[in-house]
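Residue numbers for the sequence shown follow our numbering, so the first one is 2 and each next one is one higher.
Built from N, CA and C at the ideal position, the CB exists for glycine as well.
Quantities reported herein were computed from a predicted structural model and do not represent experimental measurements.
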Amino acid sequence: MEDIIIIGAGPVGIYAATLANLHGLKGIVLESLSTAGGQLTELYPQKDILDVPGFSRIAAKEYIEALLKQQESDSNHLQIVYGEQVKNIEKQEDKSIKVTTNKNTYLTKTILLTTGMGVFTPRKTGLEGEDDLTNIYYSVKDKSIFKDQEIVILGGGDSAVDWAIALSDIAKKVNIVHRRDEFRAQESSVNLMTSKGVNIYKPYGLVSFVKDGNKAKGIVIKHNVDGSEITLNFDSIIVNYGTVTSASNFAIEETNRAYNVDRTFRTSFENVFAVGNSCYYEGKVKNITCGLGEAVIAITEIDRIVHPGKNIPVHF
Numbered sequence: 002m003e004d005i006i007i008i009g010a011g012p013v014g015i016y017a018a019t020l021a022n023l024h025g026l027k028g029i030v031l032e033s034l035s036t037a038g039g040q041l042t043e044l045y046p047q048k049d050i051l052d053v054p055g056f057s058r059i060a061a062k063e064y065i066e067a068l069l070k071q072q073e074s075d076s077n078h079l080q081i082v083y084g085e086q087v088k089n090i091e092k093q094e095d096k097s098i099k100v101t102t103n104k105n106t107y108l109t110k111t112i113l114l115t116t117g118m119g120v121f122t123p124r125k126t127g128l129e130g131e132d133d134l135t136n137i138y139y140s141v142k143d144k145s146i147f148k149d150q151e152i153v154i155l156g157g158g159d160s161a162v163d164w165a166i167a168l169s170d171i172a173k174k175v176n177i178v179h180r181r182d183e184f185r186a187q188e189s190s191v192n193l194m195t196s197k198g199v200n201i202y203k204p205y206g207l208v209s210f211v212k213d214g215n216k217a218k219g220i221v222i223k224h225n226v227d228g229s230e231i232t233l234n235f236d237s238i239i240v241n242y243g244t245v246t247s248a249s250n251f252a253i254e255e256t257n258r259a260y261n262v263d264r265t266f267r268t269s270f271e272n273v274f275a276v277g278n279s280c281y282y283e284g285k286v287k288n289i290t291c292g293l294g295e296a297v298i299a300i301t302e303i304d305r306i307v308h309p310g311k312n313i314p315v316h317f
């Protein structure tokens, strides 16, 4: 039987595994994907992170690599098992928890949910013919492919604005289309985007793609107030509308698709904890650094459960 099973190998899950090892806990990390890092690896590997301690800026992929290097050092007893999606968790008579995946069944004393927003797929535009296009992107894994291209970016959040800034240095032309008057991204980022000469179209909705075989060569957009339409030509288009997440099958109380937790990050399911974007409490901030701090508290509480009466040191 494991002391702990961590479900999800995003940045918070990887760090939680490091902490669990420092506390002398034995267990595994279950990750449904074939690689660690969650959205940082799958959707934004080259995006710079600006707000984690110790780095003025670091690419998402490099940050995950640093976390993995830390996690894999010093004979860590918690290995990451890839390609296993958790289907169910079930309390046993002896208070242990049975974890059933698409491949195996495990028994554990505790669970830490670090699943972020769950299993995710990119949110699409919904325009006709979208799935047939070969020059539409929902993430940027290699920004060099956009060198000297004319680009259209759809979206108004941090990711859309950040990519507009990053690609403005290598692309021939960058246009960003947002349906609202105001961007949701940080004001400083919007100001930087403007200063870099990115062409901003707001508030505009989408009408249709202008197709040329299996590629789109343009997109028709419509002003949300006066109804005027214009066509933006492009070589590639990037859709930054966020992700659609799947609900879990776990019998745990939720708020806004996140698990309700107390001050030690316990959920309504006995000995199951949740941290990072998978948890909800009043004042919750969805931020990597907050998730790392939450993991410290949760792992310490789990150590108390697994090793009752243990004198837990202040690490480390």
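A straight-line Cα-Cα distance of about 11 Å links N176 and K203. Looking at N257, I29 and K144, the one whose alpha-carbon comes closest to that of H78 is I29. Put simply, the backbone Cα of M2 is about 20 Å away from that of G310.
If you draw a 10 Å sphere on the C-beta of S140, you find 16 or more other C-beta atoms in it, and that means buried.
With fewer than 16 other Cβ atoms inside 10 Å of its own Cβ, G198 counts as exposed. One alpha carbon belongs to E129, the other to Q71, and they sit about 46 Å apart. The C-beta of S229 has fewer than 16 other C-beta atoms within 10 Å across all chains shown, which makes the residue exposed. Using a Cβ-Cβ distance cut-off of 8 Å, the region 252-268 and the region 153-160 are not in contact, since fewer than three pairs of beta carbons, one from each stretch, lie closer than that value. If only uninterrupted alpha helix (DSSP H) runs of at least 4 residues are considered, none is enclosed by the region 204-249. Per the C-alpha coordinates, the member of I154, L113 and L41 positioned closest to I98 is L113.
Where K70 is concerned, the enclosing alpha helix (DSSP H) starts and stops at A61 to E73. A direct Cα-to-Cα measurement between T244 and K144 gives close to 20 Å.
I313 sits in coil when the DSSP states are folded into three classes, being neither helix nor strand.
Residue state for F147 is assigned as helix, using DSSP reduced to three classes.
Note on the region 164-199: whole beta strand (DSSP E) runs with a minimum of 3 residues are 174-178, in chain order.
Linking R305 to I313 through their CA atoms gives a straight-line distance of about 8 Å. In this structure, A10 places its C-beta atom within 8 Å of the C-beta atom of I81. Counting the other CB atoms within 10 Å of its CB gives T111 a total of 16 or more, which places it among the buried residues.
The beta carbons of L207 and T116 sit no closer together than 8 Å. Sorting N103, A299, D95 and F274 by C-alpha distance to the C-alpha of Q86 places N103 at the top.
The three-state secondary structure of R267, taken from DSSP, is strand. Inter-residue distance for I7 and A217 is about 42 Å (C-alpha atoms, whole angstroms). G38 sits close to I65, with the two beta carbons spaced by under 8 Å. Across the structure, Y45 and A61 are spaced so that their CA atoms are roughly 7 Å apart.
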